[in-house]
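Chemist: Heads up: the sequence lines are chains G and S, in that order.
If you read the first sequence in my numbering, its first letter stands for residue 1, the second for the next number, and so on.
If you read the second sequence in my numbering, its first letter stands for residue 1, the second for the next number, and so on.
In this text, a Cβ means the ideal position worked out from N, Cα and C, and glycines have one as well.
Being a predicted model, the structure only gives us computed values, none of them experimental.
So that we are looking at the same thing, I have put the structure below in structure tokens.
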Amino acid sequence: KAGVTQTPRYLIKTRGQQVTLSCSPISGHRSVSWYQQTPGQGLQFLFEYFSETQRNKGNFPGRFSGRQFSNSRSEMNVSTLELGDSALYLCASSLQVTVSGANVLTFGAGSRLTVL
Amino acid sequence: AQKVTQAQTEISVVEKEDVTLDCVYETRDTTYYLFWYKQPPSGELVFLIRRNSFDEQNEISGRYSWNFQKSTSSFNFTITASQVVDSAVYFCALRSSNYQLIWGAGTKLIIKP
């Protein structure tokens, strides 16, 4: 069973550019969430999607956006990149969203973004 | 406010020693879930265990064991007879009413041969 696939694995951008990261969840998983990991701030929740709807959003500026497609694949976009956006962006999928929050997440290897 | 504290930034032990990773959480919710994930150098977070707030039964799985105590808001993780392959960053996380996963800062575990 294929795991969570994130592309690209590494990318370098310059300030002001925009970037799109892709995440393909495990087959059958309908929930996808995104996290930013930096040495200074640690792991921070970005957003969560289920059945093409954003269910939850973290405390990030509007430059960070995402979407989910009908096949559960998800993309996140960061516009007008800043140096502080350099991070490892992790995508995770789970079988379903439950009201109890008990979802076990399966993570991808991440997309490492460097902003120069 | 919800918060997860992993006070140990880095722990270094010699192989075969036992090691305990501490996790203290804060939440006002009565229903919540606690998780431990492991992040090896490859970067991919790997799920280890989940506990709900109503289940204080401690668990042992091979060389791993977990101690959940609501009275002290702690969810500690112990590796018995550590191995070099256990070297990784370990994260404790809390998920409650707002369904967002709140992460601790992580503890870097170094197992020396």
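1. Under a CB-based cut-off of 7 Å, is G:Phe-45 close to chain S?
2. For the putative contact between G:Val-32 and G:Thr-106, defined by C-beta atoms under 8 Å, what is the C-beta separation to the nearest angstrom?
3. Mapping DSSP to helix, strand and coil, what is G:Ser-31?
4. Helix, strand or coil, according to DSSP, for G:Gly-3 in the structure here?
5. Would you report the Cα separation of G:Tyr-35 and S:Glu-15, rounded to the nearest angstrom?
6. Kindly indicate which three-state DSSP category G:Gly-40 falls into: helix, strand or coil?
7. Grab me the residues of G:Leu-21's own chain with a C-beta within less than 6 Å of its C-beta, minus the 5 sequence neighbours each way, in chain order.
8. How about G:Ala-102: is its C-beta nearer than 7 Å to some C-beta of chain S?
9. What three-state label does DSSP hand G:Thr-114 in the structure shown?
10. Please list the residues of the region 56-81 of chain G that have a C-beta atom closer than 7 Å to any C-beta atom in chain S, keeping them in chain order.
11. Quick one: complete beta strand (DSSP E) runs, 3+ long, within the region 16-69 of chain S?
12. Tell me which residue opens and which closes the beta strand (DSSP E) that G:Asn-75 is part of.
13. Thinking S:Ala-93 and S:Ile-102 are a contact (beta carbons under 8 Å), I'd like their distance in whole angstroms, please.
14. Would the region 60-76 of chain S and the region 33-52 of chain S be scored as touching if the rule is three or more Cβ pairs under 8 Å?
15. Which same chain residues end up closer than 7 Å to G:Ala-87 when comparing Cβ atoms and leaving out the 5 residues on each side of it in sequence?
16. Compare the Cα-Cα distances from G:Ser-79 to each of G:Gly-16, G:Pro-8, G:Ala-2 and report the closest residue.
17. May I ask you to report which of helix, strand or coil DSSP gives S:Thr-72?
18. Counting along the chain, where does the beta strand (DSSP E) carrying S:Thr-80 start and finish?
Modeler: Reading off the structure:
1. For G:Phe-45, at least one C-beta of chain S is nearer than 7 Å to its own C-beta.
2. Going by Cβ atoms, the distance from G:Val-32 to G:Thr-106 rounds to 10 Å, so no, they are not a contact pair.
3. If DSSP states are grouped into helix, strand and coil, G:Ser-31 belongs with the strands.
4. If DSSP states are grouped into helix, strand and coil, G:Gly-3 belongs with coil.
5. Cα to Cα, G:Tyr-35 sits roughly 32 Å from S:Glu-15.
6. Here G:Gly-40 sits in coil by DSSP.
7. Here the set comprises Met-76, Tyr-89, Ser-111.
8. True, the Cβ-Cβ gap to chain S drops below 7 Å.
9. When secondary structure is reduced to three states using DSSP, G:Thr-114 falls in the strand class.
10. Against chain S - using a Cβ distance shorter than 7 Å - the residues of the region 56-81 of chain G are Asn-56, Gly-58.
11. When DSSP assignments are scanned along the region 16-69 of chain S, the uninterrupted stretches of beta strand (DSSP E) that are 3 or more residues long and fall wholly within it turn out to be 19-21, 24-26, 33-39, 46-52, 59-61, 64-69.
12. According to the sequence as given, residue 75 of chain G is Glu; it is not Asn. That run of the beta strand (DSSP E) goes 74-78.
13. The Cβ separation is near 6 Å, so the contact holds.
14. Contact between the region 60-76 of chain S and the region 33-52 of chain S is present, because at least three Cβ pairs lie under 8 Å.
15. Apart from sequence neighbours up to five positions away, the residues of its chain that approach G:Ala-87 with a beta-carbon distance below 7 Å are Gln-36, Gln-37, Thr-38, Leu-113, ordered along the chain.
16. Of the candidates G:Gly-16, G:Pro-8, G:Ala-2, the residue whose Cα lies closest to the Cα of G:Ser-79 is G:Gly-16.
17. Secondary structure at S:Thr-72: helix, using DSSP grouped into helix, strand and coil.
18. Note, S:Thr-80: premise wrong, no beta strand (DSSP E); not H, not E.
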